[in-house]
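Protein chains in written order, with the working numbering: chain A, -9 to 412; chain B, -9 to 412. Here is the structure we will look at, set down as structure tokens.
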């Protein structure tokens, strides 16, 4: 999704920042996202994504879409309500951790509320699949998912309702799946890099999904809830089923000393083998006219969780430091004292040049309060217009991640900022 | 959302058209959307939106977003899981038709699955609302909604899970609400017009939401499930609570003869008064420092239902006739016999010029089958490349809604099509 060029002044936003926050909010990203007015908790594990947070989400999901399209995946939208019968068929109705279940008041109809969509996509692809010529095929969606977590925590990092991109691929054989699986790995690393996270890939077991292997993508952070074991080169998930992994043991692959660190899982990919092809009787006809079962992979990224992970690794003691690629706006524009006329002009010029700007036009706030909110909200660039800078026909410019300020001449301002936000 | 410029050949689509369909599918739009490969029914009232349908949905929702932004509304994403307590507070837990309810397996937590979001948005806006200076404010989202319909029918026109844009506005007084309410009316008519529907506004009662009035936006169609009464000028919903409305009675406003017709409701707007402000104790301080309650409106458009309504009023006996604004692609490109090299060139040229093209590159289908699929899928323009047209250095061009074909010289083709799709 291309970013929408929207006018926005702070006084028009229906949300506001807050200085304090409840003691029960432990993780840094959760604190900053609530204080900055990005998310609002409705109940345990359930959030509204507010206008500033929603702009971040759109940019993340746009990034994901572009990468999925590049690897030939087709976008669909599957339902959240799943027929119970399908989950019986895959033997997950009674075995899937945190599956929400509900009933219709009409007839004897029961639903699972989708935490993942193998039960929908496999019969669907099977319906249209006939020949080896139809393979490989890859299908994805971006959508709200549901999981009845025992202890929702860390804000939007582990919620009961969350946004997710899930993709499923179907192949003639294991070799073709492996090729695509490696493509997706690269694609995921691109996505996380664009979002300001250097993700590490860990090996893990297949979990509820499959007895085969899986890989997890980890953002290394103290606020994470996953324990991983790492040496200089290799990374292992806690559940990787490689024995003897603990602090100071030796890496089974490169013999370096292992350390443990907590991390945030931001993506995972699974080799599903023929598990669901068998469950749902899916076949194709191969070159010789024989009936064969496709092998499959599944690939997830938690897009709302990613908001939390980005903040967790991009902040300082004053607030968030958004990477340009996912910042809700690029420029935080402040006009001090009697500079409204000049600041309005700058705002207009930015809008006309498609520079995403949040204009702090509040009349009842001090300069200090505006600076604090600018740091808290964490847009990449701050521009301050004051009587003092205007005497020099200029404005003050500061990057969020730098301490230095710089004067920029008014006449060069728009062109300079157009270059900065590129 | 800007449309994505994606390469697409028919052989790459994992879906396919079908010639026949079950007898149980009655409505024309449902038949065409299933046969064309736009939607797939998973169970009663529950659908997957397939790649072609998803492109239509994105275009509809993009149209909606642009119009909502123009009237100053801010986009958020609220959860589908709602705390039971909020629905108790609004006295709708036991009274709302078709409310899905579910329980967490942890603690004593119950949820409603959101069919509408007053219970979330009112406490949320109330949390940030302080002064009259904060008003008016308007907030919207586009999202999946849930309603336990007794008899889901007409495909995606009445489902148990559906996409919806819902917006809520908050005002100092009734006058300000009325001004905004009229703005939204115009905005809605723009949206429907863009989508190829001349919507009629009918007056109706407030329903479950409020004892105040409401307006419904109707697409006039035999396949609709709503009965409306109309004369030449005025339109009334069946439940408008205006007495004596029946076939051949006189219109209470302009005294013309009334006829009845079935119609599809594609949008509705409600004057909520202070109903939910009272339920959730929402106040602002007015100019004199007095505490006041805001008045509100709510405004819905069923975006997935709209796909059905558009098809219902834009089709012929061969298939769908998509309006350009929401067509999944603009051009259906067919290459017959030994024209692959030339047709590939045209396809490349279209891609480079951002012309949305679906290239029917199937080798195992007859010309007749390709023509039939082109008509069924219903893209605005069809281009046929054959050995015969190539002898004249040209291709055959046809508009879906016209019977006439035309030869266009190869050298002019891309420029001509760029103009056609504008």
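Glycine is no exception: its CB is placed at the ideal position from the N, C-alpha and C atoms.
Query	Result
Buried or exposed (CB count within 10 angstroms, at least 16 for buried), residue -8 of chain B	With a pLDDT of 39 at residue -8 of chain B, under the threshold of 50, the modelled position of that residue is not reliable, and no figure is offered here.
Neighbouring residues, chain A, relative to residue 37 of chain B (Cβ below 8 angstroms)	69
Length of the line joining the Cα atoms of residue 150 of chain B and residue 59 of chain A	30 angstroms
First and last residue of the uninterrupted beta strand (DSSP E) at residue 390 of chain A	First-last for residue 390 of chain A: undefined, no H or E at that position.
Buried or exposed by the 16-neighbour rule on C-beta atoms within 10 Å, applied to residue 244 of chain A	exposed
Validate contact between the region 78 to 85 of chain A and the region 42 to 50 of chain B using beta carbons, cut 8 angstroms, 3 pairs	no
Coil, strand or helix - residue 44 of chain B by DSSP	helix
Same chain only: Cβ atoms within 7 angstroms of residue 249 of chain A, ignoring 5 sequence neighbours per side	220 and 237
Residue 136 of chain B - partner residues in DSSP beta bridges	B:151
With 16 other Cβ atoms within 10 Å as the buried cut-off, status of residue 85 of chain B	exposed
Strand pairing of residue 372 of chain B, partner residues [DSSP]	B:322 and B:388
Chain A contact for residue 94 of chain B (CB, 9 angstroms cutoff)	yes
Opening and closing residue of the alpha helix (DSSP H) in which residue 349 of chain B lies	Segment 347 to 350 is the beta strand (DSSP E) holding residue 349 of chain B; no alpha helix (DSSP H) there.
Straight-line Cα distance separating residue 235 of chain A from residue 242 of chain A	9 angstroms
Whether residue 318 of chain B touches residue 366 of chain B by CB criterion (9 angstroms)	no
Cβ neighbour criterion (16 or more within 10 Å) applied to residue 399 of chain A	exposed
Chain-ordered chain A contacts of residue 6 of chain B [CB-CB under 7 angstroms]	118
Segment contact, 8 angstroms Cβ cut-off, at least three pairs: the region 99 to 113 of chain A with the region 129 to 138 of chain A	yes
Contact with chain B by residue 72 of chain A, beta-carbon distance below 9 angstroms	yes
Coil, strand or helix - residue 113 of chain B by DSSP	helix
Within the region 246 to 326 of chain B, ranges of the beta strand (DSSP E) (whole runs, at least 3 residues)	249 to 263, 285 to 291 and 321 to 325
Whole-number beta carbon distance between residue 323 of chain B and residue 336 of chain B, since they are thought to touch under 8 angstroms	7 angstroms
Residue 412 of chain A at chain B interface by Cβ criterion, 9 angstroms	no
Proximity below 9 angstroms, CB of residue 204 of chain A to CB of residue 63 of chain A	no
Span of the beta strand (DSSP E) around residue 216 of chain B	216 to 220
Any chain B beta carbon closer than 9 angstroms to residue 110 of chain A	yes
Residue(s) in a DSSP beta bridge with residue 413 of chain B	The first residue shown for chain B is -9 and the last is 412, placing residue 413 of chain B beyond what the model contains.
Own chain residues within Cβ distance below 8 angstroms of residue 225 of chain A, not counting five before or after	190, 191, 192, 193, 208, 218 and 219
Backbone CA spacing between residue 257 of chain B and residue 129 of chain B [nearest angstrom]	17 angstroms
Local conformation of residue 67 of chain B per DSSP, three classes	strand
Sequence-distant residues of its chain with Cβ nearer than 7 angstroms to residue 25 of chain A (five each side left out)	7, 8, 11 and 366
Residue 32 of chain A: contacting residues in chain B (beta-carbon distance under 7 angstroms)	69, 73 and 110
Enclosing alpha helix (DSSP H) for residue 195 of chain B [first to last residue]	Counting along the chain, residue 195 of chain B falls outside any alpha helix (DSSP H), though it belongs to the beta strand (DSSP E) covering 190 to 195.
Residue 299 of chain B versus B:20, B:32 and B:275, residue with shortest Cα-Cα distance	B:20
Beta carbon proximity, residue 86 of chain A to chain B, threshold 9 angstroms	no
Rounded Cβ spacing between residue 272 of chain A and residue 118 of chain A (contact assumed at less than 8 angstroms)	About 10 angstroms; that fails the 8 angstroms criterion.
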